[in-house]
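Chains R and B, in that order, are what the protein sequence lines are. Positions 43 to 338 (the numbering used here) are the ones given, in order, by the first sequence. Positions 16 to 253 (the numbering used here) are the ones given, in order, by the second sequence. Backbone N, C-alpha and C define an ideal beta-carbon position, used for all residues, glycine too. Remember, predicted model here, so these are calculated numbers, not experimental data. For reference, the structure is listed below as structure tokens.
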Amino acid sequence: MTSLIINAFLLAGYYAVLATGLAFMYSVMNIINLAHGALIVLAGYGLYVLGNDLNLPFPVAIAIMMAAMFLLGVVLHRAVLARAYGGGELLPLLATFGISIVLDNLMFQTFGADNLSLAPLVGDLSWASFELPGSIFVGKISVYILVTAIVVIGLIELLLRRTALGHRIQATSQDRATAALLGIDTGRTAAIATGIALATGVVAAAALGLRSAWGPYGGSAILLFAFEAVVIGGTGSLWRVLAGAIVLAFAQSLGALVHPQGFLIGGHLAFLVAVFVRLRGGRISLARLFGKEARA
Amino acid sequence: MSTLEATDIRASHGQLCAVHGASLSVRPGKMMFLLGANGAGKTTLLRSIAGDHEMDAGTVVLSGVDVTGMAAHHRARAGLALVPEGRRLFPRMTVRENLQLGASTSREGPWTVEAIYDTFPHLAKLDKSAAGKLSGGEQQAVAIGRALMGDPVAIMLDEVSLGLSPAAVDSAYDALNRLRDMGMALLIVEQDLNRALASADNLLVMCEGRITLQARPDETSLDALAAASFGHAQGVQT
Numbered sequence: 043m044t045s046l047i048i049n050a051f052l053l054a055g056y057y058a059v060l061a062t063g064l065a066f067m068y069s070v071m072n073i074i075n076l077a078h079g080a081l082i083v084l085a086g087y088g089l090y091v092l093g094n095d096l097n098l099p100f101p102v103a104i105a106i107m108m109a110a111m112f113l114l115g116v117v118l119h120r121a122v123l124a125r126a127y128g129g130g131e132l133l134p135l136l137a138t139f140g141i142s143i144v145l146d147n148l149m150f151q152t153f154g155a156d157n158l159s160l161a162p163l164v165g166d167l168s169w170a171s172f173e174l175p176g177s178i179f180v181g182k183i184s185v186y187i188l189v190t191a192i193v194v195i196g197l198i199e200l201l202l203r204r205t206a207l208g209h210r211i212q213a214t215s216q217d218r219a220t221a222a223l224l225g226i227d228t229g230r231t232a233a234i235a236t237g238i239a240l241a242t243g244v245v246a247a248a249a250l251g252l253r254s255a256w257g258p259y260g261g262s263a264i265l266l267f268a269f270e271a272v273v274i275g276g277t278g279s280l281w282r283v284l285a286g287a288i289v290l291a292f293a294q295s296l297g298a299l300v301h302p303q304g305f306l307i308g309g310h311l312a313f314l315v316a317v318f319v320r321l322r323g324g325r326i327s328l329a330r331l332f333g334k335e336a337r338a
Numbered sequence: 016m017s018t019l020e021a022t023d024i025r026a027s028h029g030q031l032c033a034v035h036g037a038s039l040s041v042r043p044g045k046m047m048f049l050l051g052a053n054g055a056g057k058t059t060l061l062r063s064i065a066g067d068h069e070m071d072a073g074t075v076v077l078s079g080v081d082v083t084g085m086a087a088h089h090r091a092r093a094g095l096a097l098v099p100e101g102r103r104l105f106p107r108m109t110v111r112e113n114l115q116l117g118a119s120t121s122r123e124g125p126w127t128v129e130a131i132y133d134t135f136p137h138l139a140k141l142d143k144s145a146a147g148k149l150s151g152g153e154q155q156a157v158a159i160g161r162a163l164m165g166d167p168v169a170i171m172l173d174e175v176s177l178g179l180s181p182a183a184v185d186s187a188y189d190a191l192n193r194l195r196d197m198g199m200a201l202l203i204v205e206q207d208l209n210r211a212l213a214s215a216d217n218l219l220v221m222c223e224g225r226i227t228l229q230a231r232p233d234e235t236s237l238d239a240l241a242a243a244s245f246g247h248a249q250g251v252q253t
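So this is what it looks like as structure tokens:
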């Protein structure tokens with residue numbers, strides 16, 4: 043039982059890492075990025091090429107990929123999202139859905155159908171474990187991922203609440219017209235925010251590749267878990283994403299306890315309950331689905 | 016030379032033409048009032064000048080520089096500030112954070128958060144309060160302070176006294192008079208005709224998208240202003 047609880051928390055850390063970029067994009071840009079999973083997979087391939095083919099140390103590969111994904115985010119915003127943004131709720135959804143399909147197939151074309159893993163890049167860390175009292179073993183990677191999730195969320199919250207850039211990002215997301223009247227370049231600010239969201243995707247890609255393996259079409263599964271964690275937790279503060287990830291992980295673990303195939307069903311049930319709770323007694327909208335409220 | 020010169024502004028909301036060729040010019044150290052009934056086009060005119068509303072025709076010149084083709088944030092960086100109707104503060108951010116956002120214009124000038132607190136002493140103790148929790152008068156002071164943080168040369172204020180207590184209105188106008196004495200150009204939309212007559216250097220009245228009266232306070236009267244607001248010909252036509 044103890045090990046079940048501990049493992050659920052560790053799994054929650056993984057889901058939180060996956061969901062952070064998605065929640066950030068939605069809470070500060072009002073865009074649900076359906077290409078979120080595909081972009082994480084793309085970052086995973088980038089890490090693989092840098093670490094495996096070019097033999098760069100893993101931290102260096104992560105730093106390079108974060109810079110690359112940040113730039114890709116800026117380009118993505120300027121080329122697609124800024125144009126789609128004015129067209130209502132549906133247009134960014136369709137645009138990012140299109141991007142995900144293009145990316146999926148480009149990656150299939152380029153890297154083939156093989157499943158890849160980043161585990162060989164970190165040597166024995168991938169199977170090393172900590173022993174807790176009571177002979178409970180937990181994988182070091184999983185612990186590091188949970189710690190990373192907390193650090194990443196903490197850093198982004200710090201950025202949003204304590205820095206001038208963070209305040210400009212918040213102002214742009216809450217009231218674009220007024221932000222512009224104050225001299226804020228809202229297009230540039232939103233592009234930077236997109237870049238930050240995509241850069242956090244590199245952390246997610248590292249977690250994905252170190253925990254397991256992925257294929258070119260792995261993005262939709264990532265998107266599903268990230269989406270469920272965000273809807274369960276709600277947006278407004280990224281800590282709620284961590285809470286949503288914990289609920290999702292516990293629901294899945296409980297499901298697995300009930301029936302060997304209940305793992306996914308448990309998570310989906312928690313998600314559906316969250317959907318019904320959020321949408322009860324009112325009109326159906328994406329903002330209500332995500333528990334949208336202004337940032338404290 | 017005028018600080019703010021808007022010429023033949025035309026603006027519309029979809030098919031509805033809200034401003035039919037309005038011109039105005041505000042000199043440094045002058046307070047110009049823009050009056051008129053609801054729906055006369057005052058807010059649309061201000062938003063067009065600020066670049067918040069895309070205008071159909073006309074030019075806006077700020078301190079001799081044509082800013083017509085510039086986006087709103089570039090106009091703000093050129094020194095044009097708009098305090099919008101309803102204040103539009105960021106309610107969850109603190110007073111200080113709201114003020115600091117105003118410095119996004121990156122202009123050189125005398126205004127700092129501390130200078131704002133000197134001008135509006137009652138804001139100092141609200142430094143860390145969420146802007147959304149303040150009273151109307153306090154919010155208006157923060158909104159004016161936020162505009163000043165950008166060190167503008169011209170400042171436009173939409174519905175300054177709307178929803179404020181008489182004491183809060185007095186305090187806001189005390190501050191605005193000091194800004195005028197500092198040489199700033201002020202363009203103020205006001206519903207209170209008496210207040211406008213008492214404070215203005217120049218008065219404009221709009222009706223149905225046109226400027227129906229332009230006068231100095233000593234040349235006109237309350238009746239003439241009211242008549243022009245409703246489109247009855249009186250006073251000095253332009």
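Could you pull the start and end residues of the alpha helix (DSSP H) that residue i belongs to?
i: R/VAL122; result: Element bounds for R/VAL122: n/a, residue is neither H nor E.
i: R/GLY140; result: 132-153
i: R/SER262; result: 261-275
i: B/SER214; result: 208-214
i: R/THR44; result: 44-71
i: R/THR236; result: 228-253
i: B/ASN113; result: 110-116
i: B/LEU19; result: B/LEU19 -> not in any alpha helix (DSSP H); beta strand (DSSP E) instead, spanning 19-28.
i: B/HIS137; result: 136-139
Kindly list, in the order they appear in chain B, the residues whose Cβ is closer than 8 Å to that of residue i.
i: R/ARG125; result: The contacting residues do not exist; R/ARG125 stays about 16 Å from chain B at best.
i: R/GLN303; result: None at all; the shortest Cβ gap to chain B is about 44 Å.
i: R/ASP227; result: HIS88
To the nearest angstrom, report how far apart residue i and residue j are at their CA atoms.
i: B/SER144; j: B/THR109; result: 5 Å
i: R/GLY63; j: B/ARG195; result: 48 Å
i: R/VAL272; j: R/ILE234; result: 22 Å
i: R/ARG322; j: B/PRO106; result: 27 Å
i: B/LYS148; j: B/SER63; result: 30 Å
i: B/THR227; j: R/ARG210; result: 40 Å
i: B/ASP71; j: B/ALA21; result: 13 Å
i: B/ASP166; j: R/ARG320; result: 44 Å
i: B/ASN209; j: B/LEU179; result: 16 Å
i: R/ILE74; j: R/GLY115; result: 14 Å
i: B/THR13; j: B/GLU100; result: Within the shown structure, residues of chain B are numbered from 16 to 253, placing residue 13 of chain B beyond reach of any answer.
i: R/SER215; j: R/PHE318; result: 27 Å
i: R/GLY253; j: R/GLY260; result: The amino acid occupying residue 253 of chain R in the given sequence is Arg; Gly does not appear at that position. Between R/ARG253 and R/GLY260, the C-alpha separation is close to 14 Å.
i: B/GLY84; j: R/SER327; result: 37 Å
i: R/HIS310; j: R/ALA316; result: 10 Å
Would you kindly report the start and end of the unbroken beta strand (DSSP E) that includes residue i?
i: R/ALA206; result: Where R/ALA206 is concerned, there is no enclosing beta strand (DSSP E), although the alpha helix (DSSP H) it sits in stretches over 206-216.
Are the Cβ atoms of residue i and residue j separated by less than 8 Å?
i: R/ALA241; j: R/PHE100; result: no
i: R/ALA232; j: R/ALA124; result: yes
i: B/GLU174; j: B/VAL204; result: yes
i: R/ALA246; j: R/ILE82; result: yes
i: B/MET46; j: B/ALA215; result: yes
i: R/GLY275; j: R/ALA287; result: yes
i: R/GLY55; j: R/LEU188; result: yes
i: R/THR228; j: B/HIS88; result: yes
i: R/LEU160; j: R/LEU89; result: yes
i: R/PHE332; j: R/THR277; result: yes
i: B/ILE131; j: B/GLY160; result: yes
i: B/ALA200; j: B/VAL220; result: no
i: B/ALA158; j: B/LEU104; result: yes
Go ahead and label residue i buried or exposed: buried means 16 or more other beta carbons lie within 10 angstroms of its beta carbon, across all protein chains shown.
i: B/ALA93; result: buried
i: B/LEU61; result: buried
i: B/ILE24; result: buried
i: B/ASN113; result: buried
i: R/HIS119; result: buried
i: R/ALA50; result: buried
i: B/GLY260; result: For residue 260 of chain B there is no data in the structure shown, the boundaries of chain B being 16 and 253.
i: B/HIS68; result: buried
i: B/GLN155; result: buried
i: R/VAL303; result: Rather than Val, the amino acid found at residue 303 of chain R in this sequence is Gln. R/GLN303 should be labelled exposed.
i: B/PRO193; result: For clarity, residue 193 of chain B is Arg in the given sequence; the question names Pro instead. With fewer than 16 other Cβ atoms within 10 Å, it is exposed.
i: R/SER295; result: buried
i: R/SER262; result: exposed
Residues of chain R with CB under 8 Å from residue i, in chain order?
i: B/ALA87; result: ALA219, ALA222, LEU223
i: B/THR74; result: What B/THR74 touches in chain R: nothing, since even the nearest Cβ is about 20 Å away.
Against residue i, what residues of chain B qualify as contacts under a CB-to-CB distance less than 7 Å, listed in chain order?
i: R/ARG330; result: Those within 7 Å of R/ARG330 in chain B number zero; the least Cβ separation is about 19 Å.
Note down, in chain order, every chain R residue with its Cβ under 9 Å from the Cβ of residue i.
i: B/GLN115; result: ALA206, HIS209
i: B/ARG25; result: Result: empty, since nearest Cβ-Cβ is about 20 Å, beyond 9 Å.
i: B/ARG103; result: ASP217, ALA219, THR220, LEU223
i: B/ARG111; result: Under the 9 Å cutoff, chain R gives no residues; its nearest Cβ is about 10 Å from B/ARG111.
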